[in-house]
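Engineer: Have a look at the structure that comes next, please.
2 protein chains.
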Amino acid sequence: MRDPLPDFPGYSLRRAANATAAELSSRLAELELRQVDASLLILIGENPDVTASALGRQLDIQRANMVPLLKRLEDAGLIDRKPLDGKSQGLVLTSAGEEKCKQAQAIIEAFETEMLQRVPEPHREHLLPALYALWN
Amino acid sequence: MRDPLPDFPGYSLRRAANATAAELSSRLAELELRQVDASLLILIGENPDVTASALGRQLDIQRANMVPLLKRLEDAGLIDRKPLDGKSQGLVLTSAGEEKCKQAQAIIEAFETEMLQRVPEPHREHLLPALYALWN
DNA sequence: TAACAATTGTTGTTGCTTATAGCAATCCAT
DNA sequence: ATGGATTGCTATAAGCAACAACAATTGTTA
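Line order of the protein sequences matches chains B and V.
Start counting at 1 in the first sequence, then tack on 394, and there's your number in the working numbering.
Start counting at 1 in the second sequence, then tack on 394, and there's your number in the working numbering.
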């Protein structure tokens with residue numbers, strides 16, 4: 395079939411993102427985590443006592459949508475909340491959460507390495523800076 | 395906030411795809427088209443009498459999910475169906491569909507050009523081949 | 001040619017994700 | 001001290017894709 399779409403960088407960007415996201419998701423599923431979950435665990439691990447709204451701003455997730463996400467993680471015993479003041483609550487990893495986070499990071503790093511291997515050598519080092527420029 | 399995520403190519407890939415998709419979507423909205431719609435119009439334009447299942451295979455969209463997509467385009471008077479044999483039907487652009495398709499292509503090409511401009515010169519030419527390798 | 005397998009278009013359902021609006025409580029700055 | 005902003009939350013709606021199932025038709029091969 396004649397298909398001019400792959401010649402559009404934007405189209406290839408979407409397809410590449412879909413393909414890699416599907417692969418990573420299936421690997422994270424073994425930890426019963428989704429990509430968002432892993433992102434949240436990593437950010438909370440790096441920033442103890444971060445608030446839900448700050449996380450949302452960082453990940454471009456609206457406040458309202460953070461609620462069910464964090465509830466899942468809390469119900470799974472991966473994070474804890476402790477009140478910082480009357481209205482804000484700090485988020486921290488539980489010990490189970492730290493363990494999961496480590497495992498997730500291992501999976502993600504292995505995945506990223508494999509992914510980069512798929513990119514032909516001369517283009518490889520240009521991928522990250524090129525992508526970064528597109529959303530910053 | 396400490397945020398190691400942007401250093402992961404996979405994460406930057408997802409963020410870049412989201413950011414660019416949002417931008418392109420808002421531009422296509424002026425034609426009352428979504429990205430899928432535009433993709434379908436372009437493919438049908440290039441391949442008259444293509445079937446719904448062939449389109450789905452090309453775009454990695456399941457047969458079942460093609461139904462509402464094509465129905466929208468048909469209801470909008472952009473495509474026509476004609477039976478090829480007892481069960482298959484060929485899809486073609488109506489004249490209105492061809493007009494829309496041209497407009498969409500203009501918007502997309504302008505968008506792609508602007509998008510590439512955002513990528514610093516030394517990385518630019520590597521973007522498409524790098525992305526292509528990730529989903530093929 | 002008769003039986004079996006694969007394909008096509010479709011329906012209906014489900015779950016996931018995001019958008020949106022609104023609300024009460026609290027914090028902060030003038 | 002008051003008004004505006006922020007935080008966490010509820011509830012709702014919409015869009016999108018996955019999945020299973022089905023009837024009709026086509027093709028393959030024994």
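For every residue, glycine included, the Cβ atom is placed at its ideal position computed from N, Cα and C.
#1: So, helix, strand or coil for B:V513, using DSSP?
#2: Any Cβ of chain B within less than 9 angstroms of the Cβ of V:L435?
#3: Decide if the region 486 to 506 of chain B is in contact with the region 419 to 434 of chain B; the criterion is three or more beta carbon pairs, one per stretch, under 8 angstroms apart.
#4: Would you grab the beta carbon distance between V:R518 and V:L510 for me? Rounded to a whole angstrom, and I think it's under 8 angstroms.
#5: Taking three-plus beta-carbon pairs below 8 angstroms as touching, is the region 413 to 420 of chain V in contact with the region 452 to 461 of chain V?
#6: Round the Cβ separation of B:T445 and B:G471 to the nearest angstrom and send it over; I've been treating them as touching at under 8 angstroms.
#7: In chain order, what are the residue ranges of uninterrupted alpha helix (DSSP H) at least 4 long that sit wholly in the region 398 to 461 of chain B?
#8: Pull out every residue of the region 401 to 429 of chain V whose Cβ sits closer than 8 angstroms to any Cβ of chain B, in chain order.
#9: Apart from the five residues just before and just after B:D401, which ones in its own chain have a Cβ nearer than 8 angstroms to its Cβ?
#10: Using the three-state DSSP reduction, which class does V:R475 fall into: helix, strand or coil?
#11: Just to confirm, is the Cβ distance from V:L531 to V:P516 under 9 angstroms?
#12: Whose C-beta lies closer than 7 angstroms to the C-beta of B:L453 among residues of the same chain, with five residues either side of it excluded?
#13: With 9 angstroms as the C-beta to C-beta threshold (strictly closer), list the residues of the region 442 to 468 of chain V near chain B in chain order.
#14: Does V:E440 get closer than 9 angstroms to chain B when you measure Cβ to Cβ?
#15: So, are the CB atoms of B:L407 and B:G491 less than 9 angstroms apart?
#16: Among B:A411, B:R409, B:E440 and B:M395, which has the Cα closest to the Cα of B:K496?
#17: Taking the C-alpha atoms as reference points, what is the distance between B:K465 and V:I438?
#18: If V:H520 and B:A423 are in contact, beta carbons under 8 angstroms, what's the gap, nearest whole angstrom?
#19: Grouping DSSP H, G and I as helix and E and B as strand, with all else coil, what is V:G491?
#20: When the Cα atoms are used, what is the spatial distance from V:K494 to V:D431?
Structural biologist: The answer reads as follows:
#1: DSSP places B:V513 outside both helix and strand once states are collapsed to three, so it counts as coil.
#2: Chain B contact via Cβ: absent.
#3: Short answer: they touch.
#4: Right, the Cβ-Cβ distance comes to about 6 angstroms (below 8 angstroms), so this counts as a contact.
#5: Cβ pair count under 8 angstroms is below three, so no.
#6: Not really, about 20 angstroms apart at Cβ, beyond 8 angstroms.
#7: Taking only runs of at least 4 residues, the alpha helix (DSSP H) segments lying wholly in the region 398 to 461 of chain B are 403 to 422, 429 to 440 and 446 to 453.
#8: Going along the region 401 to 429 of chain V in chain order, one finds D401, F402, P403, G404, Y405, S406, L407, R408, R409, A410, A411, N412, A413, T414, A415, L418 and Q429 with a Cβ nearer than 8 angstroms to chain B.
#9: Shown here for B:D401: not one same chain residue has a beta carbon closer than 8 angstroms to its own, the five before and five after excluded.
#10: Residue state, collapsed to three classes: strand.
#11: Summary: the structure shown does not reach residue 531 of chain V, with chain V confined to residues 395 through 530, and so no result is reported for it.
#12: For B:L453, the CB contacts under 7 angstroms within the same chain, skipping 5 residues up- and downstream, are S433 in chain order.
#13: Result list: V444, A448, L449, R451, Q452, L453 and D454.
#14: So, interface residue.
#15: For B:L407 and B:G491, no; Cβs fall outside 9 angstroms.
#16: When B:A411, B:R409, B:E440 and B:M395 are compared, the shortest CA-CA separation from B:K496 is found for B:E440.
#17: Rounded to whole angstroms, B:K465 to V:I438 spans 45 angstroms at the Cα level.
#18: 32 angstroms between Cβ atoms; not a contact.
#19: Note: V:G491 maps to helix in three-state DSSP.
#20: Spanning the alpha carbons of V:K494 and V:D431 requires a straight line of approximately 10 angstroms.
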